[in-house]
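Trainee: In numbering that gives the first Met the number 0, the protein residues as written are 0 to 308.
Built from N, CA and C at the ideal position, the CB exists for glycine as well.
All values reported here derive from a predicted model rather than from experimental measurement.
Quick one: this structure, given as structure tokens, is what I'll be asking you about.
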Amino acid sequence: MAHRGAAPVLLALLLSGCATYPDITQSRSPCRMDPGGWCEFVREAAVESFPYVLASTEAYQGDDDTYGDLSPVLDRLERLPIEEDDADKGFDYQVFDQFAGLGRNRRVVARVIAFRGTDFDGATDIWFGTVKDDQIDIALRYFAAEKARWGDDVPWIVTGHSLGGALATEVSIQHPGVKAYMFNVSPFYRGDSLANDTYRTVINERGEALRQFRKFYASPAADTFVVNCDPGASSLTKHKIRRLSDCITWIAAYDDPRAHQIVQRYKIRKPPVECGPDDKPHPGVGVPVTERCVHVARRDDNKTNDATQ
Numbered sequence: 000m001a002h003r004g005a006a007p008v009l010l011a012l013l014l015s016g017c018a019t020y021p022d023i024t025q026s027r028s029p030c031r032m033d034p035g036g037w038c039e040f041v042r043e044a045a046v047e048s049f050p051y052v053l054a055s056t057e058a059y060q061g062d063d064d065t066y067g068d069l070s071p072v073l074d075r076l077e078r079l080p081i082e083e084d085d086a087d088k089g090f091d092y093q094v095f096d097q098f099a100g101l102g103r104n105r106r107v108v109a110r111v112i113a114f115r116g117t118d119f120d121g122a123t124d125i126w127f128g129t130v131k132d133d134q135i136d137i138a139l140r141y142f143a144a145e146k147a148r149w150g151d152d153v154p155w156i157v158t159g160h161s162l163g164g165a166l167a168t169e170v171s172i173q174h175p176g177v178k179a180y181m182f183n184v185s186p187f188y189r190g191d192s193l194a195n196d197t198y199r200t201v202i203n204e205r206g207e208a209l210r211q212f213r214k215f216y217a218s219p220a221a222d223t224f225v226v227n228c229d230p231g232a233s234s235l236t237k238h239k240i241r242r243l244s245d246c247i248t249w250i251a252a253y254d255d256p257r258a259h260q261i262v263q264r265y266k267i268r269k270p271p272v273e274c275g276p277d278d279k280p281h282p283g284v285g286v287p288v289t290e291r292c293v294h295v296a297r298r299d300d301n302k303t304n305d306a307t308q
């Protein structure tokens, strides 16, 4: 199914202004004595999902805001060469081994394919990934080829941001039992969204740009979480993968030492919504909470974003 109505909708939405409202999904008041003010169910989702948002960020190879070394969580593998015609349509992906444990106990537990999406910087991705659905067929073809090349010794997981999330959705629909993790996901897919739906997880930033599309096109059925990392940012800024990845990894680092390693390695800063100064160091796993942490919907530059205020 080609999405012929997407082009005018896309243009109208990108040119229109939109307000970002305070988050209502984080249960700020009941969770103010939780680590970082993040509710337990949000931290659990972050711990489960942070390897895949890291992989989704690394799918943007060649951009300035990728990470690099993601050990001990992920090791990037050499992917198959992408045919010129497929690359011309904006398609790209990366393959990773996912690990559990640390040191001698580190072992491969899954193989991950992360599909590159779009940050609305490329007309090619918008055309071939939304108005048309060429990249869906391409993604299915490369997933099958990588699966045949590496085998089924460990489970396969697909992930992606924006358009990459739509490609991951389609792979999960066509391959029952393959888990999928999507971030700021595009609703432009063509399969039955209920197929394999219990194997999909979505995390979206509240107020990001694609929320407007979901008024016209159904999002894939999945366990869906909405986080409000930076209430003051624009909808297009909120859509970007590196900012969401930093936020999810920061939240996960309250419960997972591997996430905390990534936070320290790349000097990830706290989400603006979280209490404390901008240069607040992450306390790590298991540090007792002694002061309430109240999330703020909007930052007042004349005040400190402090837990005691």
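What runs of the alpha helix (DSSP H), each 4 residues or longer, lie entirely inside the segment 147 to 174?
Mentor: Complete alpha helix (DSSP H) runs here, min 4: 162 to 173.
Trainee: Are there 16 or more other CB atoms within 10 angstroms of the CB of P34, so buried, or fewer, so exposed?
Mentor: Within the sequence shown, numbered from 1, the residue matching residue 34 stands at position 35. Counting Cβ neighbours within 10 Å, P34 comes out buried, since at least 16 surround it.
Trainee: CB-CB under 6 angstroms to H238, same chain, minus the five flanking residues each way: which ones, in chain order?
Mentor: On the sequence shown, residue 238 is found 239 positions in, with the first residue counted as 1. Here the set comprises N183, E207, A208.
Trainee: Kindly indicate which residue of D277, N203, Y180 has the alpha-carbon position closest to the one of P50.
Mentor: Residue numbering aside, residue 50 sits at position 51 when the sequence shown is read from its first letter. Checked all of D277, N203, Y180; the closest Cα to P50 is Y180.
Trainee: Applying the 10 Å Cβ sphere with the 16-neighbour rule, what's the burial state of L162?
Mentor: Within the sequence shown, residue 162 is the residue found at index 163, counting from 1. With 16 or more other Cβ atoms within 10 Å, it is buried.
Trainee: G279 by DSSP, collapsed to three states: which one?
Mentor: Locating residue 279 in the sequence shown gives position 280, counting from the first residue. Sequence check: residue 279 is Lys here, not Gly. Looking at K279 - three-state DSSP - the assignment turns out to be coil, as it is neither helix nor strand.
Trainee: So if DSSP puts K269 in a beta bridge, which residue, or which two residues, is it bridged to?
Mentor: The residue given as residue 269 occupies position 270 in the sequence shown. Answer by DSSP bridge pairing: none, since K269 is not bridged.
Trainee: Let me know the secondary structure DSSP gives T223 once reduced to three states.
Mentor: Sequence index remark: in the sequence shown, residue 223 carries index 224 (1-based). The answer is strand: DSSP assigns T223 an E or B state.
Trainee: CB-CB under 7 angstroms to R106, same chain, minus the five flanking residues each way: which ones, in chain order?
Mentor: Within the sequence shown, numbered from 1, the residue matching residue 106 stands at position 107. Cβ within range, chain order: F98, A99, G100.
Trainee: So what does DSSP say about Y104, is it helix, strand or coil?
Mentor: Within the sequence shown, residue 104 is the residue found at index 105, counting from 1. The sequence given here has Asn at residue 104, not Tyr. Helix.
Trainee: Just checking my contact of A58 with G164 at CB under 8 angstroms: how many whole Å lie between their CB atoms?
Mentor: If you number the sequence shown from 1, residue 58 lands on position 59. If you number the sequence shown from 1, residue 164 lands on position 165. With a Cβ gap of about 11 angstroms, A58 and G164 do not count as contacting.
Trainee: From this set, K146, C38, A251, K88, which residue's C-alpha is nearest F95's C-alpha?
Mentor: Taking the sequence shown and counting its residues from 1, one reaches residue 95 at position 96. For the residues K146, C38, A251, K88, the minimum Cα distance to F95 belongs to K146.
Trainee: Taking C-alpha atoms, which residue in W37, A144, G36, A45 lies nearest to D255?
Mentor: The residue you call residue 255 lines up with position 256 of the sequence shown. The residue with the shortest Cα to Cα distance from D255 is A45.
Trainee: Report the rounded CA-to-CA distance for R199 versus T168, giving the unit in angstroms.
Mentor: Position 200 of the sequence shown, counted from the start, is the residue given in the question as residue 199. Position 169 of the sequence shown, counted from the start, is the residue given in the question as residue 168. If I take the Cα positions, the gap works out to 8 angstroms.
Trainee: Which of the three DSSP states, helix, strand or coil, is assigned to F182?
Mentor: Working through the sequence shown from its first residue, we reach residue 182 at position 183. Here F182 sits in strand by DSSP.
Trainee: Using the beta-carbon count (16 or more within 10 Å), is S244 buried or exposed?
Mentor: Reading the sequence shown from its first residue, position 245 is the one you call residue 244. S244 should be labelled buried.
Trainee: So the candidates are Y253, E39, E82; which of them puts its Cα closest to the Cα of A138?
Mentor: As a first step, residue 138 must be located in the sequence shown, where it is residue number 139. The shortest Cα separation from A138 among Y253, E39, E82 belongs to E82.
Trainee: Pick from R110, F114, Y92, S185: whose alpha carbon is nearest that of D152?
Mentor: Locating residue 152 in the sequence shown gives position 153, where the first residue counts as 1. The residue with the shortest Cα to Cα distance from D152 is R110.
Trainee: Starting from the C-beta of T223, find all residues in its chain whose C-beta is less than 6 angstroms away, skip the five residues before and the five after it, and write them out in chain order.
Mentor: Position 224 of the sequence shown holds residue 223. Only V201 meet the Cβ criterion.
Trainee: Sort out for me which residues DSSP pairs F95 with in a bridge.
Mentor: By one-based count along the sequence shown, residue 95 stands at place 96. Looking at the DSSP assignment, F95 forms a beta bridge with R75, V111.
Trainee: Short check: CB of A258 to CB of R242, under 9 angstroms?
Mentor: Reading the sequence shown from its first residue, position 259 is the one you call residue 258. Reading the sequence shown from its first residue, position 243 is the one you call residue 242. It is not a contact, given that the beta carbons lie outside the stated cut-off.
Trainee: Can you give the Cα-Cα distance for D85 and S70, rounded to whole angstroms?
Mentor: Here residue 85 refers to the residue found at position 86 of the sequence shown. Here residue 70 refers to the residue found at position 71 of the sequence shown. Cα to Cα, the separation comes out at about 30 angstroms.
Trainee: How is E207 classed by DSSP in three states: helix, strand or coil?
Mentor: Position 208 of the sequence shown, counted from the first residue, corresponds to residue 207. E207: coil per DSSP, three-state reduction.
Trainee: Please identify the residue among L193, V286, G116 whose C-alpha is closest to the C-alpha of G135.
Mentor: Within the sequence shown, numbered from 1, the residue matching residue 135 stands at position 136. Sequence check: residue 135 is Ile here, not Gly. The candidate whose alpha carbon is nearest that of I135 is G116.
Trainee: In chain order, what residues of the same chain lie with their CB nearer than 7 angstroms to the CB of A76, ignoring the 5 residues before and after it?
Mentor: In the sequence shown, counting from the first residue as 1, residue 76 sits at position 77. Rather than Ala, the amino acid found at residue 76 in this sequence is Leu. V94, F95, D96.
Trainee: Do V108 and P154 have their beta-carbon atoms positioned less than 9 angstroms apart in this structure?
Mentor: The count along the sequence shown starts at 1 and reaches residue 154 at position 155. The count along the sequence shown starts at 1 and reaches residue 108 at position 109. Yes; because the gap between Cβ atoms is below 9 angstroms, this pair is in contact.
Trainee: Which one or two residues does DSSP pair with I202 in a beta bridge?
Mentor: Here residue 202 corresponds to residue number 203 of the sequence shown, with the count starting at 1. In the DSSP output, where bridge partners are listed per residue, I202 has F182, F224.
Trainee: Helix, strand or coil for K237 per DSSP?
Mentor: Counted from its first residue, the sequence shown places residue 237 at position 238. In the structure shown, K237 sits in a helix (DSSP, three-state: H, G or I).
Trainee: Could you pull the start and end residues of the alpha helix (DSSP H) that I261 belongs to?
Mentor: Position 262 of the sequence shown holds residue 261. From DSSP, the alpha helix (DSSP H) with I261 extends over 256 to 264.
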